[in-house]
Amino acid sequence: MPELALRAPSGRGAGVEPEATTRAVRVEPVMGTVVSVDVRDPGEWSAAMDLVVAWFHRVDAVFSTFRPDSQVSRLGRGEIGEAECDADVREVLALCAEVAATSRGCFDIRAGGRLDPSALVKGWSVERAAAMLRRAGARHFFIAAGGDVVAAGGAAPGRPWRVGIRHPERGDRVAAVLAVSDLAVATSGAYERGAHIIDPRSGLPANGDLLSMTVTGPSLTYADALATAAFVMGEAGAAWVPERRGYDAFAVTRDRRSVWTPGLDAVLVR
Amino acid sequence: MTPLRASLLVAGTGVGLTLLVSFRTPPSAPAAATAPPAPAGSVRPTPASTPGASPSGAAGASPTPAAGGSGLRNGTFTGQNAANFFGPVQVQVVVSGGRITDVRTLQQPNDNPQSSYIASVAMPMLRQEVLKAQSARINIITGATYDSESYAQSVQSALDQAHA
């Protein structure tokens, strides 16, 4: 088909805008959430998406704290040592330690009394998956996993991805929309009676002055971990996030204000 | 060419749920179209450091029909019964004028306090978020989530039928 023959190569080259009408979507329940992959470059992406989906299942098997037989669970129980774990596990633990060292005590993967690097693993795994898609030639895509997002390129020629930051108290609203291109976005929070984030300083659920904390930056690995640490920190966390170069914060406070760092001015949709 | 697909990621919380629905759209569907600005609920903007203008976002955006239609058939479509950790979930999606106009619960877990709470919180959010996100033309939602894949699965299967 001539049309396909003309289209297929066009999006693979650097700097070539994707066809607005081209998209390949994959939705996969994995890692206790739903991961979605949406590629806007022309071409055949099913093989690359298969690899990405297989990757997430592997991450689930190795890192899940809900699987007693995962390496992280066994490591946490002391049944195996780090040396017996995959290199990926050691990499994640090193990254967690790096974030913890700068977190003013607000990031600790043993805060809940057991080993749980989940606050970094999801973002890290999505970032890895994004790298897989890039190696396969994709330039315009997003991968989203339970609120952790890598938005690569744009949704269409000349159009950034629009990422809605869910309003923490009103499920039918967004607190803000970010128009982003080649950026990672992660959100942590404890909405209403929702999931708890443990404050390592007290060992209790974080009960600070924030309802949600969204962090943007070049790496979803750090954005994910920083969002958790900054949420624990509270409103002061918004000012702490930019200490890591390239990262910005948008928070909704318990007294219903939105606060954000100046770096987001350019991408906040008003 | 295979039919084009758009994707909506709808994230809810409370106990939270993330719903990911993909549905076909016409080539002209403006995935990143500008949403009408509106106040973001009760949130007043107060910049962390440098003062900035209000991030209005798409909150409160009124529904806008997708240009050229959604590719969805009008009708009522029942999703598959998707079991999750807390129990079976089944939803129904109503499409009118090519748009999702309602999401109804046919079956939801209610056999223990936790699952009942999840269902009571999640389903109203699910409805609102499907409808709102559809209108706001947001590509992706980020939010702190406790995720429920079964809702997404059931809605997805209902939408698949709407495309058939």
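Protein chains in written order, with this note's numbering: chain A, 772 to 1041; chain B, 362 to 525. Each residue gets a CB set at the ideal place from its N, CA and C atoms; glycine is no exception. If you're wondering where the values come from, they're calculated on a predicted model, not measured in any experiment.
Which residue or residues does DSSP assign as beta-bridge partners of residue i?
i	result
residue 913 of chain A	A:809 and A:922
residue 957 of chain A	A:986
residue 438 of chain B	B:454
residue 880 of chain A	According to DSSP, residue 880 of chain A bridges with nothing at all.
residue 927 of chain A	A:930
residue 1119 of chain A	A question about residue 1119 of chain A goes unanswered here, because the residues of chain A that appear run from 772 up to 1041.
In terms of alpha-carbon separation, which member of the options lies closest to residue i?
i	options	result
residue 442 of chain B	B:436, B:434 and B:453	B:453
residue 928 of chain A	A:914, A:940 and A:910	A:910
residue 863 of chain A	A:848, A:837, A:890 and A:875	A:890
residue 820 of chain A	A:1040, A:900 and A:1019	A:900
residue 809 of chain A	A:803, A:818, A:798 and A:802	A:798
residue 818 of chain A	A:831, A:908 and A:893	A:908
residue 973 of chain A	A:835, A:960, A:937 and A:1003	A:1003
residue 806 of chain A	A:830, A:868, A:1037 and A:939	A:830
residue 1012 of chain A	A:1026, A:1027, A:1028 and A:1035	A:1035
residue 1015 of chain A	A:1027, A:1022 and A:1001	A:1001
residue 949 of chain A	A:931, A:938 and A:940	A:931
residue 877 of chain A	A:946, A:894 and A:968	A:968
residue 466 of chain B	B:457, B:438 and B:433	B:438
residue 873 of chain A	A:842, A:978, A:922 and A:993	A:993
residue 795 of chain A	A:926, A:851 and A:838	A:926
residue 898 of chain A	A:912, A:853 and A:800	A:912
residue 434 of chain B	B:440, B:457 and B:451	B:457
residue 906 of chain A	A:823, A:1027, A:936 and A:843	A:823
residue 1026 of chain A	A:959, A:951, A:971 and A:939	A:939
residue 803 of chain A	A:885, A:847 and A:893	A:893
residue 461 of chain B	B:503, B:436 and B:440	B:436
residue 958 of chain A	A:852, A:866 and A:984	A:984
residue 885 of chain A	A:869, A:971, A:920 and A:816	A:971
residue 919 of chain A	A:855, A:825, A:869 and A:986	A:986
residue 995 of chain A	A:896, A:839 and A:1029	A:896
residue 955 of chain A	A:935, A:945 and A:946	A:935
residue 883 of chain A	A:875, A:847 and A:860	A:847
residue 979 of chain A	A:832, A:991 and A:961	A:961
residue 1023 of chain A	A:953, A:989, A:975 and A:937	A:937
residue 990 of chain A	A:921, A:982 and A:875	A:921
residue 835 of chain A	A:976, A:865 and A:888	A:888
residue 1017 of chain A	A:871, A:915 and A:953	A:953
residue 468 of chain B	B:459, B:440 and B:455	B:440
residue 812 of chain A	A:844, A:1021, A:1020 and A:923	A:923
residue 868 of chain A	A:997, A:917, A:1029 and A:1005	A:997
residue 1102 of chain A	A:916, A:1030 and A:904	No information on residue 1102 of chain A is available, as it lies outside the stretch 772 to 1041 that chain A covers here.
residue 875 of chain A	A:859, A:1007 and A:838	A:1007
Would you kindly report the start and end of the unbroken alpha helix (DSSP H) that includes residue i?
i	result
residue 819 of chain A	817 to 834
residue 894 of chain A	889 to 906
residue 861 of chain A	858 to 872
residue 460 of chain B	Element bounds for residue 460 of chain B: not the alpha helix (DSSP H) but the beta strand (DSSP E), 460 to 468.
residue 846 of chain A	842 to 847
Tell me which residue opens and which closes the beta strand (DSSP E) that residue i is part of.
i	result
residue 935 of chain A	932 to 937
residue 794 of chain A	First-last for residue 794 of chain A: undefined, no H or E at that position.
residue 434 of chain B	Element bounds for residue 434 of chain B: n/a, residue is neither H nor E.
residue 949 of chain A	945 to 951
Indicate whether at least one CB of chain D lies closer than 8 Å to the CB of residue i.
i	result
residue 500 of chain B	Here the protein chains are A and B, and chain D is not one of them.
**Message:** Restricting to runs no shorter than 3 residues, where is the beta strand (DSSP E) found entirely within the region 968 to 1040 of chain A?
**Reply:** The beta strand (DSSP E) runs lying completely inside the region 968 to 1040 of chain A and spanning 3 residues or more are 981 to 988, 1019 to 1024 and 1028 to 1031, given in chain order.
**Prompt:** Got a sec: which bits of the region 893 to 915 of chain A sit with their beta carbon under 7 Å from any beta carbon on chain B, in order along the chain?
**Reply:** Of all residues in the region 893 to 915 of chain A, those with a C-beta nearer than 7 Å to a C-beta of chain B are 913 and 915, reading in chain order.
**Request:** Report the residues of the region 916 to 941 of chain A with a CB closer than 8 Å to any CB of chain B, ordered along the chain.
**Result:** Here the close residues are 917, 918, 919, 920, 922, 925, 926, 927, 930, 931, 932, 933, 934, 935, 936, 937, 938, 939, 940 and 941.
**Short-range partners of chain B found in the region 983 to 1013 of chain A, where Cβ spacing is below 7 Å** = For the region 983 to 1013 of chain A, which is checked against every Cβ of chain B, the residues closer than 7 Å are 983, 985, 1009 and 1010.
**Request:** Note down, in chain order, all residues in the region 449 to 468 of chain B with a beta-carbon under 7 Å from any beta-carbon belonging to chain A.
**Result:** Going along the region 449 to 468 of chain B in chain order, one finds no residue with a Cβ nearer than 7 Å to chain A.
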